[in-house]
Amino acid sequence: MSTVPAIELKGISKAFGPVQANKDISISVQPGTIHGIIGENGAGKSTLMSILYGFYKADAGEIFIRGQRTQIPDSQAAIAAGIGMVFQHFKLVENFTVLENIILGAEDGALLAPSLAKARTQLKNLAEEYELNVDPDARIETLSVGYQQRVEILKALYRQADILILDEPTGVLTPSEADQLFRILGRLREEGKTIILITHKLREIMEITDTVSVMRRGEMTATVKTSETSPEHLAELMVGRKVLLRVDKKPAQPGAPVLQVENLRVTDNKGVERVKGISLEVRAGEILGIAGVAGNGQSELLEVLGGYQTGTGTIRMNGEEIDLTGKDSDGQSRRRRGIAHVPEDRQKEGLIMDFHAWENTAFGYHTRGGAYSKGLLMDNAAIREDTQAKMDRFDVRPPNPKLAAKNFSGGNQQKIVLAREIERNPDLLLIGQPTRGVDIGAIEFIHQQIVALRDQGKAILLVSVELDEIMSLSDRIAVMFDGHIMGERLPSETNEKDLGLLMAGITESAA
Amino acid sequence: MDFATFLQILDSTIRLATPLLLACLAGLYSERAGIFDIGLEGKMLAAAFLSAAIAFVTGSVWLGLLAGIGASLFLSAIHGIASITFRGNQLISGVAINFLASGLTVLIAQSWFAQGGRTPALTDGGRFSPIEFPFAEAILPVPVIGPVYEGLISGHTAIVYLALLMVPLSWYVLFRTRFGLRLRAVGENPAAVDTAGVNVIRLRFTAVAICGVLCGIAGAYLATALQAGFVKEMTAGRGYIALAALIFAKWRPWYALYACLLFGFLQAIALRFQNIDIGAFTVPVEFMDALPYILTVVILAGFVGKAIPPRAGGEPYVKER
Numbered sequence: 002m003s004t005v006p007a008i009e010l011k012g013i014s015k016a017f018g019p020v021q022a023n024k025d026i027s028i029s030v031q032p033g034t035i036h037g038i039i040g041e042n043g044a045g046k047s048t049l050m051s052i053l054y055g056f057y058k059a060d061a062g063e064i065f066i067r068g069q070r071t072q073i074p075d076s077q078a079a080i081a082a083g084i085g086m087v088f089q090h091f092k093l094v095e096n097f098t099v100l101e102n103i104i105l106g107a108e109d110g111a112l113l114a115p116s117l118a119k120a121r122t123q124l125k126n127l128a129e130e131y132e133l134n135v136d137p138d139a140r141i142e143t144l145s146v147g148y149q150q151r152v153e154i155l156k157a158l159y160r161q162a163d164i165l166i167l168d169e170p171t172g173v174l175t176p177s178e179a180d181q182l183f184r185i186l187g188r189l190r191e192e193g194k195t196i197i198l199i200t201h202k203l204r205e206i207m208e209i210t211d212t213v214s215v216m217r218r219g220e221m222t223a224t225v226k227t228s229e230t231s232p233e234h235l236a237e238l239m240v241g242r243k244v245l246l247r248v249d250k251k252p253a254q255p256g257a258p259v260l261q262v263e264n265l266r267v268t269d270n271k272g273v274e275r276v277k278g279i280s281l282e283v284r285a286g287e288i289l290g291i292a293g294v295a296g297n298g299q300s301e302l303l304e305v306l307g308g309y310q311t312g313t314g315t316i317r318m319n320g321e322e323i324d325l326t327g328k329d330s331d332g333q334s335r336r337r338r339g340i341a342h343v344p345e346d347r348q349k350e351g352l353i354m355d356f357h358a359w360e361n362t363a364f365g366y367h368t369r370g371g372a373y374s375k376g377l378l379m380d381n382a383a384i385r386e387d388t389q390a391k392m393d394r395f396d397v398r399p400p401n402p403k404l405a406a407k408n409f410s411g412g413n414q415q416k417i418v419l420a421r422e423i424e425r426n427p428d429l430l431l432i433g434q435p436t437r438g439v440d441i442g443a444i445e446f447i448h449q450q451i452v453a454l455r456d457q458g459k460a461i462l463l464v465s466v467e468l469d470e471i472m473s474l475s476d477r478i479a480v481m482f483d484g485h486i487m488g489e490r491l492p493s494e495t496n497e498k499d500l501g502l503l504m505a506g507i508t509e510s511a512a
Numbered sequence: 005m006d007f008a009t010f011l012q013i014l015d016s017t018i019r020l021a022t023p024l025l026l027a028c029l030a031g032l033y034s035e036r037a038g039i040f041d042i043g044l045e046g047k048m049l050a051a052a053f054l055s056a057a058i059a060f061v062t063g064s065v066w067l068g069l070l071a072g073i074g075a076s077l078f079l080s081a082i083h084g085i086a087s088i089t090f091r092g093n094q095l096i097s098g099v100a101i102n103f104l105a106s107g108l109t110v111l112i113a114q115s116w117f118a119q120g121g122r123t124p125a126l127t128d129g130g131r132f133s134p135i136e137f138p139f140a141e142a143i144l145p146v147p148v149i150g151p152v153y154e155g156l157i158s159g160h161t162a163i164v165y166l167a168l169l170m171v172p173l174s175w176y177v178l179f180r181t182r183f184g185l186r187l188r189a190v191g192e193n194p195a196a197v198d199t200a201g202v203n204v205i206r207l208r209f210t211a212v213a214i215c216g217v218l219c220g221i222a223g224a225y226l227a228t229a230l231q232a233g234f235v236k237e238m239t240a241g242r243g244y245i246a247l248a249a250l251i252f253a254k255w256r257p258w259y260a261l262y263a264c265l266l267f268g269f270l271q272a273i274a275l276r277f278q279n280i281d282i283g284a285f286t287v288p289v290e291f292m293d294a295l296p297y298i299l300t301v302v303i304l305a306g307f308v309g310k311a312i313p314p315r316a317g318g319e320p321y322v323k324e325r
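Chains A and B supply the protein sequences, listed in that same order.
When you read off a place in the first sequence, starting at 1, and then add 1, the result is the number in my numbering.
When you read off a place in the second sequence, starting at 1, and then add 4, the result is the number in my numbering.
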């Protein structure tokens, strides 16, 4: 195309200490298009966009906005250049109204009243133009995540942004909310806005972008037209080798029930009931996937089963009832019964980030008389040796047991937790968000491990907010919404739309 | 209790509530911006000392006031640099300021005036004098209205009226101006302010500076209006009472006024009635004196319902992606 690019970056480099986050990156984004930037975690996508939004200063390189060489030392300059950013974690003041959030930093004068009045009219116009309806007087904390994201987009549009950067915008959305977002983005493109979409989800790139740039280890490896590429090809560009996107698994051969849950209720520490009487069963040799938007009681379900939250109801493990009132409820007693747990938040619950890998491998299994004990003391040499063996088997990189947990990448941290839990040969594996923040390459490996465990005849309860993951791993799918199980499906007999409705709390009878 | 006594109590309620109110509003600006300030006490104390000292030396209460504000601002700057620039712990910085003020004031007072850590008593020019409203004497004979106008409304020092004016002014600034919107936002979610292109650091320093000015006025009032000179530890925990009032007031200016009047009222009663006889039982003076502090403990222990502090309060802002 001969038009002047909306954004052109030339030779951008940025290093954080010894880590080269961006290496000589050049990219050109055409106006009125949706340009995807895809790459694994730590590939440098967010760093690049932070440079564009004035959060970081590049070590080298030039930025051209609409052909004009531009310095962006701070966010103010980015806004002035017509760039708006929608962050992954929203930057909204929770107890302010929509209107107050929109004018914050873009007020017209020292007094608020005229700005608020102007914003109210503008908002009405924007709502009509882009189908972005939000109640201007609603407090942010009362809005759903999807609406909060709209406020972020409106904030950018109110500041006259014609270049919009969205960082992992669908991470917190239900499928139907994501569809709505994409409709809005399509609408914005029609109106001539330029959109940069940062994501690690191949499906989104294929669905909505015009052009896609792939980043790997701080470098821009390719920029291609979306219509001329395929998910497989993009995955290969991202990882640097061929990747199996589909999980290769044989049909399940379920055996006897391992875990039986009846009418389980859980009230959290704030006194809010999060799990409202659910019943489910996981049998040997099958994976039960729990789908749902984050915060609908899945975490509490895992916590009770894992033994660090109390609840009411009945839970049977291999036919034996487990006490839920707290007396026999701790991680240790659950492990004795053959339950292993890979928690949702590996950095807070799965690992102690400042401890060495070998110390982390021993947690929960450093019992007296266990494999790691030597009389009253711990057999540290044995733990280190064992950790080394686990790291080799699980392909943890770098394979150094003496490295602190925080020095491993997300994927390798997850492999350490997974190795610890799986290698104890549990009857039931609870696993929450197994691939959150994990690279595609490592996702493939982790999925293979989960399926292999199933094929050994173990029961697996999988909780994930990634619908793709649920669909490809599960043998049965249960959808949670507001503490209830809305329905159960077989992966072969459902699709994203069907599950998406359940995730939004809509059952067939209501639809 | 006759009407005249009642008026006297209300009158001293206002006078005693004034330093609390100023300190409470000072804390309000700081904490609304996300900087917890336990050092209100120390700033008031430093201001009380320096204002009295300068007022005594120069004979001008206004120069004393300026000096008091200056002393308080200096401590505010320390708090700001420690907790905003260097992202230190705000509570520790505040406690340090309190210790610093407590020790330094007495030390310097002794070194300058050699009167056992106090300043010499201030005479007329060194103190704020009451402002008599027009016709106060003239309408005094009118029943009820006369005494109320003359005794309660008229006849306070300028700082009392200033403190009362600060209430609607603060409300207006916080909730009706651009500055107020940003100030409240930075105490709730500084990242939102930063990404909107507003300088978080400057905003927080401004808030801390306003806090310093108001604490300075409060301290100067103690030494040059309420009393005539500085004595050791003369703030007597007013900074902490102001903090309790701030929580009681849920970080809102009008509620702050009511909370401070309540504390002032308790202090006034303790001052007026030494031993209270209820039938055969006598409430000892010690209990009356302790009442404001007991209420402070009760409030700080959270017995007054849910008070939600600014969400980013106490946490230094670190820019992240």
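Every residue gets a Cβ at the ideal spot worked out from N, C-alpha and C, and that includes glycine.
Values in this document were obtained by computation on a predicted structure and should not be read as measured data.
- Interface residue (Cβ-Cβ distance to chain A less than 8 Å): L250 (chain B) is not classified as such.
- The C-beta separation of E301 (chain A) from V276 (chain A) comes to about 5 Å, placing the pair in contact by the 8 Å criterion.
- In the structure shown, R131 (chain B) falls within a coil segment according to DSSP collapsed to helix, strand and coil.
- In terms of beta-carbon proximity, E192 (chain B) lines the interface with chain A, with at least one pair separated by less than 8 Å.
- Taking the beta carbon of L20 (chain B) as reference, no residue of chain A falls within 7 Å; the closest one sits roughly 33 Å away.
- For I196 (chain A) and I166 (chain A), the gap between their C-alpha atoms comes out near 6 Å.
- Residues of chain A with a Cβ closer than 9 Å to the Cβ of G201 (chain B) are, in chain order, G55, D75, S76, Q77, A78, A79, I80, A81, G106, A107 and R160.
- Counting only Cβ-Cβ distances below 8 Å, E95 (chain A) has contacts in chain B at E192, N193 and R315, in chain order.
- With its beta carbon at least 8 Å from every one in chain A, D128 (chain B) lies outside the interface.
- Residue contact check for E63 (chain A) against chain B: no CB pair falls below 8 Å.
- Unbroken beta strand (DSSP E) runs of no fewer than 3 residues, entirely contained in the stretch 258 to 323 of chain A, are found at 258 to 268, 274 to 284, 288 to 292, 313 to 318 and 321 to 323, following chain order.
- Taking each of A:D469, A:E129 and A:I199 in turn and checking the Cα distance to I291 (chain A), the smallest one comes out for A:D469.
- For Q150 (chain A) and L53 (chain A), the gap between their C-alpha atoms comes out near 20 Å.
- Taking a 10 Å sphere around the C-beta of F103 (chain B), we find fewer than 16 other C-beta atoms and assign the residue as exposed.
- By alpha-carbon distance to Q123 (chain A), the top candidate from A:K46, A:N361 and A:I104 is A:I104.
- Sorting A:M216, A:A406, A:I441 and A:R121 by C-alpha distance to the C-alpha of K349 (chain A) places A:A406 at the top.
- Residue state for G506 (chain A) is assigned as coil, using DSSP reduced to three classes.
- Note that the C-beta distance between A21 (chain B) and A227 (chain B) is not below 8 Å.
- The closest CA to that of R121 (chain A), considering only A:P399, A:Y131, A:H201 and A:D136, is found on A:D136.
- Contact between A479 (chain A) and L281 (chain A) holds: their C-beta atoms lie close to 6 Å from each other, under 8 Å.
- Take the alpha-carbon of A460 (chain A) and the one of L155 (chain A): they are about 46 Å apart.
- Here Q231 (chain B) has M238 as same chain residues with Cβ atoms under 8 Å from its own Cβ, once five neighbours each way along the sequence are excluded.
- DSSP places S334 (chain A) in the uninterrupted alpha helix (DSSP H) bounded by G332 to R337.
- Around the CB of Q414 (chain A), 16 or more other CB atoms lie within 10 Å, so the residue is classed as buried.
- By the criterion of at least three beta-carbon pairs nearer than 8 Å, the stretch 157 to 171 of chain B is in contact with the stretch 129 to 140 of chain B.
- With distances taken between CA atoms, V212 (chain B) lies nearest to B:S87 out of B:V61, B:L67, B:A56 and B:S87.
- Secondary structure note for L207 (chain B): it is in no beta strand (DSSP E), and the uninterrupted alpha helix (DSSP H) holding it is V204 to Y225.
- For F88 (chain A), the nearest CB of chain B lies under 8 Å from its own CB, placing it at the interface with that chain.
- At least one CB of chain B lies nearer than 8 Å to the CB of A111 (chain A).
- Take the alpha-carbon of M239 (chain A) and the one of M318 (chain A): they are about 42 Å apart.
- Exclusion of the five residues before and after F132 (chain B) leaves V65, T161, A162, I163, T228 and A229 as the residues of its chain whose Cβ lies within less than 7 Å of its Cβ.
- At least one beta carbon of chain A lies nearer than 8 Å to the beta carbon of L185 (chain B).
- Below the 7 Å Cβ cutoff, chain B contributes L185 as neighbours of E101 (chain A), in chain order.
- In terms of Cα proximity to V235 (chain B), the closest of B:A30, B:F10 and B:A50 is B:A50.
- Interface with chain A (8 Å Cβ-Cβ cutoff): A224 (chain B) is excluded.
- Buried is the label assigned to K92 (chain A), since at least 16 other Cβ atoms lie within 10 Å of its Cβ.
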